[in-house]
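Presented below is the structure to which this report refers.
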Amino acid sequence: MMSKTSYPPSQASAQFSDTPYTASSPSDASAPTTDDALGSFSDFLKGKFGDNSKIKNSPGLEQICAKTHHPDVCIATISPLLKNKVDVVHVLQAAIAVTTQNVKMIISKIEKHPHVSSEVTSSLKECKEHYNKALANLQKAMTATQSKDFGSVNAMLSSVLADVSSAESKVHDLKTPAFNADNFYSLVSLTASNCLSIASLIRN
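Residue numbers (the UniProt record's numbering): 1 to 204.
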């Protein structure tokens, strides 16, 4: 076992809560970790849904998430969004919704970032372009799940992961005291990877 927007009008939107996860920025100087992000997510759930420990995970969700590279992130981010029906397609739609909201959050952070140097501004502009491409493909992938065109879903999610990876690399390659890459940390690359893993479980 491996370790680790909008919805188009459809039945999918009826299956999910309207409060997908958006990761909080770490406040300390150390590099953020997956555990840090999941800790922030736990705090988020307590505020939105009460004590996270009281959220009962579906065995079906756990089995699906076990097939991803990041099962803990999969369960933690998707379980609050599933209201009743748990199957691979609905889990995939929830995973796409989570990733979409996280990408929107990062784009918003880029847009609000103050000008500190031409180098940073140029790099963030390129990052935003990659994230906008990822966002467009996430929305297309969500629509494609409704028409059961899972071949297209896989292709779009592969492009999403490539664009997210390019954007994150651009951020972390910025070596200047005026820019803190940790402020742009999120679970986007992990949730995007999980989307692709879940989509691969569906036969075309």
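We put the CB at the ideal spot given by N, CA and C, even for glycine.
All values reported here derive from a predicted model rather than from experimental measurement.
- CA-CA distance, Phe150 to Val116, rounds to 43 Å.
- If you compare the alpha carbons of Ser58, Leu61 and Thr68 with that of Ala192, the shortest gap goes to Thr68.
- By the criterion of at least three beta-carbon pairs nearer than 8 Å, the region 114 to 130 is not in contact with the region 140 to 154.
- Here the alpha carbon of Arg203 sits roughly 11 Å from the alpha carbon of Val89.
- Going by DSSP, Ile110 is part of the alpha helix (DSSP H) stretching over Val88 to Lys112.
- Here the region 59 to 68 makes no contact with the region 161 to 181; the two share fewer than three CB pairs at distances below 8 Å.
- Under the DSSP assignment, His172 falls in the alpha helix (DSSP H) whose first and last residues are Phe150 to His172.
- Per DSSP, the unbroken alpha helix (DSSP H) holding Lys128 starts and ends at Ser118 to Gln146.
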